[in-house]
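Notes follow the structure.
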Amino acid sequence: MPNPTRHVLPRLLAVIAVGLALLVPSVAGAVSVQRLQGKPFAITLDCRAPAPADAQQVRIEAPPEGWPAWGQSVLVLDAPPGLVTFRRGDEARCGLSFDARSTDARLRSGVGTQFSAAPGSREAIIVTAPSNRWLGWAMTLRYGDPAAVQREDTLRFAIRVGGFAILAAMLLSSLLLFANVRDRASLVFAATIAAYALWIGLRTGLAAWPRPWIDSPAAVQFAILTLLPMALAGVWSVALTHSKVDRVFPKLAVTHRLAGGLAVAAIVAWFVWPAGRELVFPALRGIAAAMLLVLLPLLVLALHRGSRNALAVLIALLPPLVVVGPFYDGLLRPWRGEALLLSGAWFAITMTVAMSQRIGALRQQRDRMRALAERDALTGLPNRRALAEVLPRLIDEARAQARPLAVVFVDLDHFKAINDRHGHAVGDEVLVEAARRLADRLRGGEMAARHGGEEFVLLLPGADGQRAMVAAQRLRAALADTPFGTTVGPLSVTASFGVANLEPGAARRASSPAELLARADAAMYRAKQAGRNRVAGSEPA
Numbered sequence: 003m004p005n006p007t008r009h010v011l012p013r014l015l016a017v018i019a020v021g022l023a024l025l026v027p028s029v030a031g032a033v034s035v036q037r038l039q040g041k042p043f044a045i046t047l048d049c050r051a052p053a054p055a056d057a058q059q060v061r062i063e064a065p066p067e068g069w070p071a072w073g074q075s076v077l078v079l080d081a082p083p084g085l086v087t088f089r090r091g092d093e094a095r096c097g098l099s100f101d102a103r104s105t106d107a108r109l110r111s112g113v114g115t116q117f118s119a120a121p122g123s124r125e126a127i128i129v130t131a132p133s134n135r136w137l138g139w140a141m142t143l144r145y146g147d148p149a150a151v152q153r154e155d156t157l158r159f160a161i162r163v164g165g166f167a168i169l170a171a172m173l174l175s176s177l178l179l180f181a182n183v184r185d186r187a188s189l190v191f192a193a194t195i196a197a198y199a200l201w202i203g204l205r206t207g208l209a210a211w212p213r214p215w216i217d218s219p220a221a222v223q224f225a226i227l228t229l230l231p232m233a234l235a236g237v238w239s240v241a242l243t244h245s246k247v248d249r250v251f252p253k254l255a256v257t258h259r260l261a262g263g264l265a266v267a268a269i270v271a272w273f274v275w276p277a278g279r280e281l282v283f284p285a286l287r288g289i290a291a292a293m294l295l296v297l298l299p300l301l302v303l304a305l306h307r308g309s310r311n312a313l314a315v316l317i318a319l320l321p322p323l324v325v326v327g328p329f330y331d332g333l334l335r336p337w338r339g340e341a342l343l344l345s346g347a348w349f350a351i352t353m354t355v356a357m358s359q360r361i362g363a364l365r366q367q368r369d370r371m372r373a374l375a376e377r378d379a380l381t382g383l384p385n386r387r388a389l390a391e392v393l394p395r396l397i398d399e400a401r402a403q404a405r406p407l408a409v410v411f412v413d414l415d416h417f418k419a420i421n422d423r424h425g426h427a428v429g430d431e432v433l434v435e436a437a438r439r440l441a442d443r444l445r446g447g448e449m450a451a452r453h454g455g456e457e458f459v460l461l462l463p464g465a466d467g468q469r470a471m472v473a474a475q476r477l478r479a480a481l482a483d484t485p486f487g488t489t490v491g492p493l494s495v496t497a498s499f500g501v502a503n504l505e506p507g508a509a510r511r512a513s514s515p516a517e518l519l520a521r522a523d524a525a526m527y528r529a530k531q532a533g534r535n536r537v538a539g540s541e542p543a
């Protein structure tokens, strides 16, 4: 029975497409005008409040000739979470380093402001920020002509957004890898990228946009000091696993747990040893540099011993090593946040590509193993297991498309006598030649499988009863008309064929895989009883 929705659905889709096409010109020509209104910042900031005793304070002196006849912009980068204030004479401005809603919208990569013109004035600009004794890095100040400061600020913000977008994309890719293969290394890699992405977002101030991701200075401090050791532990584990260094040096396998233990210890120390928070980040930078320096020779040795994956890890780790190493306090000092972000993005991209290739290799290996499991080792035909997977699918397709399907059971005649007279080696030669002749004479979409012993099953999609009988006769003649060449000379080999058909509209029980095979098998036995070397059709279901 034809499917009534078969022709209706394409027509409906065509009508929808035409309707959308007619709407496009009017939509494209319309001008969109909308007024945007900002919401007032709900938190009241006291920019003139006294600074804490341990606050950082930087004094920016006026040039010898005094401030120029135009405004001056000041931008504070890498400030600890909290209130940042700017003062010049009676002017006072402030903003929260972790909340972009409280800062000057003209500057996006940090907390900034713009002082009005004061030609010739020599009053210093005083910047105050929370203490950085626990943070481990000093803040960076950029000031000068508004255009120059804003151009650099825009570049910084673009780099941060782009780098974070790369990390987010690689995180999604690693999660998709894990969903496909359920591989522990993929999950650890995804967790590593997530921890580093959130850490670098907080570290650079990107997490303040458009509103704070974490709306508490204490929570920001906790995240900054605990996410980094988690990310470092993940980098160590991923590097060892993917490069197979822990296989080349089995004793290093215990360091997976050691790295995880150090990350947990850093988190626990936050709660039980508040005074030690000042030591965490400087120690972590030393640990990161030491970890990378230890990994480099291990990776080189693993590469020398045949681990090709070690090269990808080596390439991924070189930029982070350069960033946290010799250039951290020198050339990269004004751009440390961006350098850390880009080196992390490089690591994420390189390792995602490398792990995708590794997963692809594992999948190819799995497919090869599956193909071997579904192939008969002697004849090279699909085996009984493959037949059990393919036949139900062909039956479902035949039902859905209202097409016939034929199943042909083939049994070589007097095969036991061949084994008894000439030996099993000659019997194997006969099986291989029979399989070759059957497979070579099938058409596209048809399949021959070895069912077991001297039995074969042929699947003929689209063949009704008459066509299946004709095809079976053609295959019977292909076996019987030409003797089989063997090591003991030519042998005359025949076979009996039984044909069963699935006709459109057949009852579901009568068209099950087991029922079809049973009917074809019964027809084959009738061919045997009728004298062998012939084709018999099945009785109606």
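The sequence shown maps to residues 3 to 543 in the working numbering.
Glycine included, every Cβ here is placed at the ideal spot set by N, Cα and C.
{"Query": "Residues of its chain near Gly-464, where Cβ-Cβ distance is below 7 Å and the 5 sequence neighbours each way are ignored", "Result": "Arg-405 and Pro-406"}
{"Query": "Bounding residues of the beta strand (DSSP E) (the contiguous stretch that carries Gly-487)", "Result": "Gly-487 -> no beta strand (DSSP E), and no H or E assigned at all."}
{"Query": "Glu-340 classed as buried or exposed, judged by whether at least 16 other C-beta atoms fall within 10 angstroms", "Result": "buried"}
{"Query": "Three-state class that DSSP yields for Phe-117 in the structure shown", "Result": "strand"}
{"Query": "Exposure label - Phe-273; buried when at least 16 CB within 10 Å", "Result": "exposed"}
{"Query": "For Asn-385 and Arg-439, believed in contact at Cβ under 8 Å, the rounded distance", "Result": "In fact, because the Cβ distance is near 18 Å, the residues do not count as touching under 8 Å."}
{"Query": "C-beta atoms of Ala-436 and Leu-481 nearer than 8 Å", "Result": "yes"}
{"Query": "Straight-line Cα distance separating Arg-370 from Ala-379", "Result": "13 Å"}
{"Query": "Cβ-based burial, Gln-223 [other Cβ within 10 Å; buried from 16]", "Result": "buried"}
{"Query": "Where Ile-128 falls: helix, strand or coil (DSSP)", "Result": "strand"}
{"Query": "Bridge partner(s) assigned by DSSP for Ser-75", "Result": "Gln-116 and Gly-146"}
{"Query": "Beta-carbon proximity check, Asp-147 vs Ser-111, cutoff 8 Å", "Result": "no"}
{"Query": "The stretch 468 to 479 in contact with the stretch 386 to 401 per 3-pair CB rule at 8 Å", "Result": "no"}
{"Query": "Beta-carbon proximity list for Gln-39, same chain, < 6 Å, skipping 5 on both sides", "Result": "none"}
{"Query": "Glu-73 to Met-357 span [Cα, whole Å]", "Result": "The residue you asked about is not Glu; residue 73 is Gly in the sequence shown. Using only the alpha carbons, I get a separation of about 52 Å."}
{"Query": "Which of helix, strand or coil DSSP assigns to Arg-370", "Result": "helix"}
{"Query": "Nearest to Leu-229 (by Cα), restricted to the options Ser-245, Ile-195 and Gly-207", "Result": "Ile-195"}
{"Query": "For Cys-49, the residue or residues it bridges with in DSSP", "Result": "The partner list for Cys-49 (beta bridge, DSSP) is empty, contrary to what the question assumes."}
{"Query": "Exposed unless 16 or more other CB atoms sit within 10 angstroms - verdict on Val-17", "Result": "exposed"}
{"Query": "Element boundaries [alpha helix (DSSP H), containing Asn-421]", "Result": "417 to 424"}
{"Query": "Pick from Ile-269, Gly-327 and Val-537 that is closest to Ala-225, judged by C-alpha positions", "Result": "Ile-269"}
{"Query": "Candidates Lys-41, Thr-352 and Gly-500, of which the one nearest Pro-322 by Cα", "Result": "Thr-352"}
{"Query": "Strand pairing of Pro-624, partner residues [DSSP]", "Result": "Since the first residue shown for the chain is 3 and the last is 543, residue 624 is missing from the structure and cannot be characterised."}
{"Query": "CB contact flag (Ala-524, Val-537, <8 Å)", "Result": "no"}
{"Query": "Residues that DSSP places opposite Ala-413 in a beta bridge", "Result": "According to the sequence displayed, residue 413 carries Asp and not Ala. Glu-457 and Ser-498."}
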